[in-house]
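In the working numbering, the protein residues as written are 20 to 791. Structure first, then comments.
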Amino acid sequence: MSVEKYPYHFYQTLILRTPIFSFKDYSLRNLKKKLKSKYFRESLLVASSTFYQQLEKIDFDLSKLDEKQLLTVKKYYNRINYRPVPFGLFTATTAVKWGNEQKIVIPLQTIHLQNSFEKEFKTVEAIKESIDIKKHRYRKNPSLYKVGMELRYLATYFNEETQSLDFNISSIQAIDVVEQLLEYCKKKLSLYELIAYLTVNQVLSTEEAELLVHDLINLQVLVDDLIPNISGEPFLQRVLKQINNDDQQSVNKSFTVYNVAKSLDVELGIRKYIQNSADVYVNVSGTAIEGSLNIAYQKSVSEALNCLFKISCQVPANDSMDGFFQLFEKKFGTQMVPLLYALDPQTGISYHNLAQHTEDNILLKDVYWPADEKDRAAFPWTKVHQLLLEKWNTPIVNAGTKKQVIKLTENDLKRLDYPKDEDALPPSISVVFRVAGKKILIENVGGITATSLTGRFTPFDDNIKLHAATIAQKEVALNPGVIFAEIVHVCNLHTANINRREHLYPYEIPVLTESTLDDEHQILLSDLWLYIAGRQIILYSKNHGKRVIPRLSSAFTYSRNNLAVFQFLCDFQYQNMHTGFKLDLSQLFPNLKHYPRIEFQDTILSPETWQLDSSEFKDLIDAPQSEFFIIFKKIKKQLRFPQWIALTANDRQLVYNLNNTDEILFFFQTIKTQKEIIVKEFIYPDDDYSLCVNGEQKPLLNQFVAALYRDKNIYEAHVLPDSGSPGISRTIAPGQEWLYFKLYCHPSQVPELIGECLRRNQVVWFIRISRG
């Protein structure tokens, strides 16, 4: 892929994430002193109030900690020095610019303290109990759809055990009086207005009308206006405003602390606000008073992306929409079908089998089902596999470290074809990278939109909010024929903290969640339809007469959610798009113990990685103290560990210096109970590193999140297909038109069977066939 064909451009703003403490100050021998730091203590309080209280009882005396408590303190201490991923008071997030400077100085940091979403949710539930129901306003459940003589809808239930919201498909009989009330109740109405409508228009008595309305509310056919919202105005603040409550004690608390990084021994005063760490959500934003990231790094990042695009596009993407497309085409053909009807497990396609009954899962959980050979994925051997395997067998040996490295060159990339369909590349992407010495380490690349890594910071950082809004506005401007709509949904009270975000796109799709946009800019589930155009499924809003492109401006792992329609909308973003550009050898060549580093020019595309099990370290378990380090040295040599390593699991990472005996013990204490152990080389900064410093001019580890965009229309407008004469419905639910059965029975039972059928149905046609 030539530079001329490179399709992306950098936004001027990027996000810098840093640990609060300098890696230069990290030493386990300083742990006793560090535990006296007021800032570190309050960081522990925010991370876990229970653990903080245990430490408080022993006056933070390191010598009184048991082995487990000591290990926990070490992990937190390591994280606050080395891990830049946002976590409470341990890290800071700063909006910076591309420029010409060589150093970024961040002396000022702001603490943002909010009620946790869990606390807000439970506060509102208590408020609802104390409010007269007559003060509520109601509208019909936006997920309602009709199947035969039933009205089906999605209902929500709070699970106390998991602190999450569970969902199921419920139904009621579709009777005229209910359907007419729901047609009337498109907008929010008071209890009085609902009852008045029934008594005036449906000739019900007041008592009958009240009973019907209360039943519909209890069944969630009618929903109130106090359900949670995840975007825009904070949930609790909105509710208190709605009910005209002047009690500001429950409204989000926030305060600002300046010069935190300049004097990390200050007491922030957070303790008085926190009884339980689950009640608060804390973030730190930084302010860069001088400096920028040198624009020269854009060339290195761009060249790395050129390489990654060409490599990743050779490997077939795992598009979860492919299977759905085939099933939809088989079942509905060219018909235009309501989204909820299409996802209904009886009338449509059970998406990812999420409609399976929990009871079935429990009964069958211990049963082994051998995989059908036809369901096993074929091993996709590609030109990339061939190239990397050849380079793997003839690696370059680093002169300094004596390490084997796969170094890719421009000539290597010429062997790979650039993807024919450039429109399969998304309108914007994120690149997460670290400037590590003289190299740039690419940590992650891709996504369907660059807003996914910025959304969570928009409620408390105006600079990042502006950056995220710019990304969204660019997508909208370049694709004028479609509607971009944010998917807003609350499923878990804990993860809702990082899902809270400002409005970025002009429209929202509320999924069993309130939207604070006006009604005109809300696209209800009941307004969404599906149909096939070419080799893709189109999501369409009938009310707006436009194709809809859903967006989730959150890094939330939505696949953990069991609500089919939410998962579908999130997956739908990725339809026919190539969005994963990270190079991971363990995905291409699974189940190996060791993977070498991969470089392209001055960038590290993939660090050296080990995937180990506990057996590698079994000799250390019962090793005499006098021989422990000797045995570890042998293991280190055998595995070819470098001096600096990172123990990695999901978004957690701990860094160890294996030339330090204290840290070797710390490493072993961490892994000795683990069955699977993933170790990566850690690129420790050079001695003269000063790219990013705090107010004391001490260096901080960096992690940058750059956003890039394509200056091109990606999503074409779609006109509603010409329906002509009504299509033939392929699925007829009970109560709809005709229902056909082929029955086999003994001849003596035929009269009884037909007689019963005639008695229960208005019209029955039958053909009796006798087979000898």
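Glycine residues also receive a C-beta, built at the ideal position from the N, C-alpha and C atoms. For clarity, every value in this text was computed on a predicted model and none was experimentally measured.
Measure the Cβ-Cβ separation of residue i and residue j and say whether it is below 9 angstroms.
| i | j | result |
| --- | --- | --- |
| L64 | S545 | no |
| S573 | G474 | yes |
| V724 | S321 | no |
| H522 | S250 | yes |
| I330 | V416 | no |
| L127 | I308 | yes |
| L184 | C326 | no |
| D341 | I733 | no |
| K53 | Y96 | yes |
| F140 | P253 | no |
| S369 | A174 | no |
| S68 | I99 | no |
| G17 | V124 | Nothing about residue 17 can be read from this structure; the chain reaches only from 20 to 791. |
| I528 | Q541 | yes |
| L47 | E682 | yes |
| I461 | L624 | yes |
| Q592 | Y614 | no |
| N482 | T181 | no |
| K93 | F636 | no |
Just the Cα atoms here: how many angstroms apart are residue i and residue j?
| i | j | result |
| --- | --- | --- |
| H28 | V451 | 15 angstroms |
| P770 | R156 | 55 angstroms |
| L170 | K206 | 19 angstroms |
| D265 | K138 | Interpretation of D265 is limited by its pLDDT of 47, a score under 50 that renders its predicted location unreliable; no figure is taken from the coordinates. |
| A487 | Q121 | 25 angstroms |
| S744 | H563 | Residue confidence for S744 is low, a pLDDT of 42 falling below 50, so the modelled location carries little weight; the figure read from the coordinates is stated next. The straight-line gap from Cα to Cα measures roughly 23 angstroms. |
| A726 | S447 | 7 angstroms |
| A145 | V258 | 12 angstroms |
| K241 | P357 | The identity of residue 241 in the sequence shown is Leu, whereas the question assumes Lys. In a straight line, the C-alpha of L241 is about 20 angstroms away from that of P357. |
| G118 | I314 | 5 angstroms |
| N220 | V197 | 12 angstroms |
| I39 | T470 | 25 angstroms |
| T514 | N669 | 15 angstroms |
| A455 | Q492 | 33 angstroms |
| N134 | E148 | 20 angstroms |
| A193 | Y524 | 36 angstroms |
| K656 | F109 | 34 angstroms |
| P478 | K484 | 7 angstroms |
| I697 | K116 | 34 angstroms |
| I34 | M355 | 42 angstroms |
| T628 | D234 | 59 angstroms |
| C711 | D44 | 15 angstroms |
| K617 | Q88 | Inspection of the sequence shows that residue 617 is occupied by Ile rather than by Lys. If you take the alpha carbons of I617 and Q88, they lie about 38 angstroms apart. |
| C589 | L571 | 7 angstroms |
| R453 | I568 | 32 angstroms |
| S578 | R60 | 35 angstroms |
So, does the CB of residue i fall closer than 9 angstroms to a CB anywhere in chain D?
| i | result |
| --- | --- |
| S321 | The question asks about chain D, but that chain is absent: this structure has only one protein chain. |
Please report the residue range of the beta strand (DSSP E) in which residue i lies.
| i | result |
| --- | --- |
| R171 | 169-178 |
| W411 | Where W411 is concerned, there is no enclosing beta strand (DSSP E), although the alpha helix (DSSP H) it sits in stretches over 402-412. |
| D243 | 241-243 |
| A632 | According to the sequence provided, residue 632 is Asp. The question's Ala does not apply to it. From DSSP, the beta strand (DSSP E) with D632 extends over 628-632. |
| E700 | 695-700 |
| I34 | 27-38 |
Assuming residue i is part of the alpha helix (DSSP H), what are its boundary residues?
| i | result |
| --- | --- |
| H131 | That residue, H131, is in no alpha helix (DSSP H); its beta strand (DSSP E) goes 127-134. |
| F685 | 680-690 |
| F648 | 647-658 |
| Q716 | Note, Q716: premise wrong, no alpha helix (DSSP H); not H, not E. |
| V258 | 254-261 |
| Q492 | 481-497 |
| A515 | 515-518 |
| L832 | With the chain running from 20 to 791 in the structure shown, residue 832 is simply not present. |
Below 8 angstroms on the Cβ atoms is my contact criterion, and I expect residue i with residue j to pass it. Report the Cβ-Cβ distance as a whole number of Å.
| i | j | result |
| --- | --- | --- |
| R519 | F136 | 7 angstroms |
| V301 | G599 | About 31 angstroms separates the two Cβ atoms, so there is no contact after all. |
| L362 | F587 | 6 angstroms |
| V299 | A111 | V299 to A111, Cβ: 17 angstroms. No contact. |
| L549 | F347 | 7 angstroms |
| P103 | L720 | 6 angstroms |
| L543 | L558 | That belief does not hold up - the Cβ atoms of L543 and L558 are roughly 13 angstroms apart, past 8 angstroms. |
| G352 | A736 | Not really, about 23 angstroms apart at Cβ, beyond 8 angstroms. |
| query | Going along the chain, which unbroken runs of the beta strand (DSSP E) with 3 or more residues stay wholly within the region 55-129? | reply | 110-118, 123-125
| task | Scan the region 585-621 and note each continuous beta strand (DSSP E) run of 3 residues or more that stays entirely inside, going in chain order. | result | Complete beta strand (DSSP E) runs here, min 3: 616-619.
| message | Report the start-end ranges of each beta strand (DSSP E) in the region 173-232 that is 3 residues or longer and not cut off at the edges. | response | 183-192
| message | For a minimum of 3 consecutive residues, which ranges assigned as the beta strand (DSSP E) are wholly contained in the region 295-382? | response | Entirely contained in the region 295-382, the beta strand (DSSP E) runs reaching 3 residues are, in chain order, 299-306.
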